[in-house]
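Trainee: With the first letter of the sequence shown counted as 1, position 172 gets the number 172 in this note's numbering; the numbers rise by one all the way through.
Where is the CB? At the ideal position from N, CA and C, for every residue including glycine.
I am attaching a structure below and will ask some questions about it afterwards.
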Amino acid sequence: MAPKTRKSLSPWYTCEVCNVVLTQKDLPLHQDKCCPPPVEDWSHGFIRDKVLHSSLELFTATDSVKYLPKSEYDHLVFLSISAMQLCAMVIGDPVVVTVGNKSVVKAAWPTAERSLVSVQMTRGALDLEWGSCEGLVTVGCLTRPVWPAREISVGATGSVDVPANISSLLHRKYKGKLLCEGNRVCIPHYGRTLCFRVETLAALDAPNGVDALSKHLSDISLTETVAEQRSTTPLRNSGLGSGRGDTMVSERSSFCKIVECTKWNVIDAGKVDDKESRPRLCDVGGLESVIAQVKELMDLALGTRKDRASLQGTCLLALLCQLVFVMYHILEENTIIAFSGT
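The following block contains the structure:
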């Protein structure tokens with residue numbers, strides 16, 4: 001494959017043999033060993049049919065996100081501006097990020113860090129979905145229709161105590177986000193991170209499965225009319241047209257959007273009831289005399305006792321000070337008992 005005679009000022013190069021777009025830096029490697037690039041284990045980044053093929057990298061906060069809340073970092077995938085333009089991606093639009101056999105939807109966000117084909121995500125997003133920042137990745141536009149979610153069921157990934165208001169917390173964080181079965185969601189709660197796996201998703205006003213299948217079969221054409229409607233560039237080698245990029249982006253499980261009316265169901269047997277977890281007076285042992293003194297002082301201070309004559313000549317401030325002293329005594333004894341028990 002001979003390079004073009006006229007030197008191009010563009011950092012990208014379109015291979016005339018396999019019709020992929022790659023960087024000028026990777027051109028020698030592509031010409032020697034990787035033309036056409038494999039669909040499973042590629043050695044350099046490239047763009048095929050408006051799908052970016054690259055490897056995962058860890059994102060570090062830069063000036064490009066200084067105006068974004070940190071809570072949104074995990075919902076973004078960071079790409080170069082020119083790669084987004086070649087893949088017809090718009091800033092903030094949902095894109096499908098696929099590693100192995102697992103796909104998630106993230107919002108595309110531009111960055112000038114790293115190389116033109118870099119795909120960067122935060123540590124939190126990588127640990128939640130894939131557990132590491134290693135692996136080959138594809139990023140492409142979301143082409144399948146997205147339906148609003150009517151109901152979503154999630155299950156805890158570990159044996160953790162789930163608070164009673166976990167549904168409202170998850171709904172507040174993931175409202176407007178796109179999820180599919182198998183995705184993971186997490187929520188910080190009192191210094192812990194509670195993780196859940198999406199078990200089932202029910203779409204709101206979704207089409208009937210038979211009708212959807214009939215429509216999908218009717219769209220199949222031997223003349224590649226479907227590919228033309230998607231505005232993709234067909235490869236000269238027809239055997240490459242069914243590469244990993246098309247399958248992973250357009251044929252994955254449907255995503256649903258979390259909306260205001262979406263109902264969350266948390267599948268967890270160890271759910272904790274806040275009312276039952278509160279300590280009761282009968283659960284305190286060894287402090288009967290102190291508790292009796294506190295009750296007597298409170299009765300005197302609040303005037304609930306019948307013999308109010310005992311209050312004559314007693315200063316209310318002195319009673320309150322004595323009550324504070326008794327409460328401090330209770331806390332001190334509880335602390336001593338706790339440390340002696342351990």
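1. Report the partner residues of residue 291 according to the DSSP bridge assignment.
2. Quick check on this structure: which residue in 124, 95, 204 and 287 has the alpha carbon closest to the alpha carbon of residue 187?
3. Rounded to the nearest angstrom, what separates residue 158 and residue 67 at their Cα positions?
4. With DSSP as the reference, label residue 72 as helix, strand or coil.
5. Does residue 258 come out as helix, strand or coil in the three-state DSSP assignment?
6. With a threshold of 16 other CB atoms inside 10 Å of the CB of residue 396, please say whether the residue is buried or exposed.
7. Should residue 196 and residue 164 be called a contact, given that it needs their Cβ atoms to be closer than 7 Å?
8. If you draw a straight line from the C-alpha of residue 180 to the C-alpha of residue 256, how long is it?
9. Is it right to say residue 349 is buried, meaning 16 or more other beta carbons lie within 10 angstroms of its own, or is it exposed?
10. Using CA coordinates, which residue listed in 293, 265 and 57 is at the minimum distance from residue 131?
11. Determine, using beta carbons only, whether residue 201 and residue 152 come nearer to each other than 7 Å.
12. Which same chain residues, not among the five before or five after residue 134, have their C-beta less than 7 Å away from its C-beta?
13. Reducing DSSP to helix, strand and coil, say where residue 91 ends up.
14. Tell me which residues share the same chain as residue 166 and place their Cβ nearer than 6 Å to its Cβ, disregarding the 5 neighbours each side in the sequence.
15. Which whole runs of the beta strand (DSSP E) in the stretch 15-82 are 3 residues long or more, in chain order?
16. Kindly indicate which three-state DSSP category residue 168 falls into: helix, strand or coil?
17. Going along the chain, which unbroken runs of the alpha helix (DSSP H) with 4 or more residues stay wholly within the stretch 124-196?
18. Exposed or buried, which one is residue 192 when buried takes at least 16 other CB atoms within 10 Å?
19. Would you report the Cα separation of residue 262 and residue 112, rounded to the nearest angstrom?
20. Can you say whether residue 26 is buried or exposed, counting buried as having 16 or more other CB atoms within 10 angstroms of its CB?
21. Taking Cβ positions only, does residue 296 come closer than 7 Å to chain D?
22. What is the DSSP secondary structure of residue 201, reduced to helix, strand or coil?
23. Determine the extent of the beta strand (DSSP E) in which residue 107 is found, giving its start and end residues.
24. What separation, rounded to the nearest whole angstrom, lies between the Cα atoms of residue 116 and residue 59?
25. Looking only at C-alpha atoms, which of 327, 18, 105 and 75 sits nearest to residue 140?
26. Taking 6 Å as the limit between beta carbons, can you name the residues of its chain near residue 175, skipping five residues before and five after?
27. Between 264, 122, 87 and 91, which has its C-alpha nearest residue 70's C-alpha?
28. How many Å lie between residue 33 and residue 114 at the Cα?
29. Does residue 98 pass the burial test, meaning 16 or more other C-beta atoms within 10 Å, or should it be called exposed?
30. Less than 6 Å between C-beta atoms, sequence neighbours within five positions excluded: which residues of the same chain meet that for residue 14?
31. Hey, would you say residue 18 sits closer than 7 Å to residue 52, going by beta carbons?
32. Are there 16 or more other CB atoms within 10 angstroms of the CB of residue 108, so buried, or fewer, so exposed?
33. Are there 16 or more other CB atoms within 10 angstroms of the CB of residue 90, so buried, or fewer, so exposed?
34. In terms of DSSP beta bridges, what is residue 120 paired with?
Mentor: Checking against the coordinates, here is how it stands:
1. For the purposes of this step, residue 291 is taken as the residue at position 291 of the sequence shown. Paired residue(s): none; residue 291 is not in a bridge.
2. Residue mapping note: residue 187 aligns to position 187 of the sequence shown, counting from 1. Minimum Cα distance to residue 187 is reached at 124.
3. Indexing the sequence shown from 1 puts residue 158 at position 158. Indexing the sequence shown from 1 puts residue 67 at position 67. Answer to the nearest angstrom: the Cα atoms are 35 Å apart.
4. Stepping through the sequence shown from its first residue, residue 72 is reached at position 72. The answer is helix: DSSP assigns residue 72 an H, G or I state.
5. Residue 258 sits at position 258 when you count from the first residue of the sequence shown. Three-state result, residue 258: coil.
6. There is no way to answer for residue 396, as the model of the chain reaches only from 1 to 342.
7. Here the question's residue 196 lines up with position 196 in the sequence shown. Here the question's residue 164 lines up with position 164 in the sequence shown. Against a cut-off of 7 Å, the Cβ pair of residue 164 and residue 196 comes out as no contact.
8. Translated into the one-based positions of the sequence shown, residue 180 becomes position 180. Translated into the one-based positions of the sequence shown, residue 256 becomes position 256. Distance between the alpha carbons of residue 180 and residue 256 is about 6 Å.
9. The shown model of the chain, from 1 to 342, leaves out residue 349, and the question about it has no answer.
10. Taking the first residue of the sequence shown as position 1, residue 131 is located at position 131. Ranking 293, 265 and 57 by Cα distance to residue 131 puts 57 first.
11. On the sequence shown, position 201 is the one that residue 201 refers to. On the sequence shown, position 152 is the one that residue 152 refers to. Residue 201 places its beta carbon less than 7 Å from that of residue 152.
12. Here the question's residue 134 lines up with position 134 in the sequence shown. Only 56 meet the Cβ criterion.
13. What you label residue 91 is simply residue 91 of the sequence shown in a count that begins at 1. Coil.
14. By 1-based counting over the sequence shown, the position of residue 166 is 166. For residue 166, where only same-chain residues beyond five positions count, the Cβ hits under 6 Å are 266.
15. 21-23, 46-48, 51-58 and 76-79
16. Walking along the sequence shown from the start, residue 168 turns up at place 168. In the structure shown, residue 168 sits in a helix (DSSP, three-state: H, G or I).
17. 166-174
18. In the sequence shown, counting from the first residue as 1, residue 192 sits at position 192. Exposed.
19. As a working note, residue 262 is residue 262 in the sequence shown. As a working note, residue 112 is residue 112 in the sequence shown. Cα-Cα distance, rounded: 37 Å.
20. In the sequence shown, residue 26 corresponds to position 26, counting from 1. Its Cβ being crowded by 16 or more others within 10 Å, residue 26 is buried.
21. Looking for chain D here will not work: only one protein chain is present.
22. Taking the first residue of the sequence shown as position 1, residue 201 is located at position 201. Note: residue 201 maps to strand in three-state DSSP.
23. Position 107 of the sequence shown, counted from the start, is the residue given in the question as residue 107. That run of the beta strand (DSSP E) goes 102-110.
24. Translated into the one-based positions of the sequence shown, residue 116 becomes position 116. Translated into the one-based positions of the sequence shown, residue 59 becomes position 59. One C-alpha to the other measures close to 14 Å.
25. As a working note, residue 140 is residue 140 in the sequence shown. Ranking the options by Cα distance to residue 140, first place goes to 105.
26. Your numbering for residue 175 matches position 175 in the sequence shown. So the list reads 258, once near-sequence residues are dropped.
27. Looking up residue 70 in the sequence shown gives position 70. Of the listed residues, the one whose Cα sits closest to residue 70 is 122.
28. Counting from 1 along the sequence shown, the entry for residue 33 is found at position 33. Counting from 1 along the sequence shown, the entry for residue 114 is found at position 114. The straight-line gap from Cα to Cα measures roughly 24 Å.
29. Reading the sequence shown from its first residue, position 98 is the one you call residue 98. Of the other Cβ atoms in all chains shown, 16 or more fall within 10 Å of the Cβ of residue 98; this residue is therefore buried.
30. Position 14 of the sequence shown holds residue 14. Cβ within range, chain order: 21.
31. Position 18 of the sequence shown, counting from 1, holds the residue named residue 18. Position 52 of the sequence shown, counting from 1, holds the residue named residue 52. It is not a contact, given that the beta carbons lie outside the stated cut-off.
32. The residue you call residue 108 lines up with position 108 of the sequence shown. Per the 10 Å Cβ criterion, buried.
33. In the sequence shown, residue 90 corresponds to position 90, counting from 1. For residue 90, the number of other beta carbons within 10 angstroms of its own is below 16, and it is reported as exposed.
34. Walking along the sequence shown from the start, residue 120 turns up at place 120. According to DSSP, residue 120 bridges with 57 and 78.
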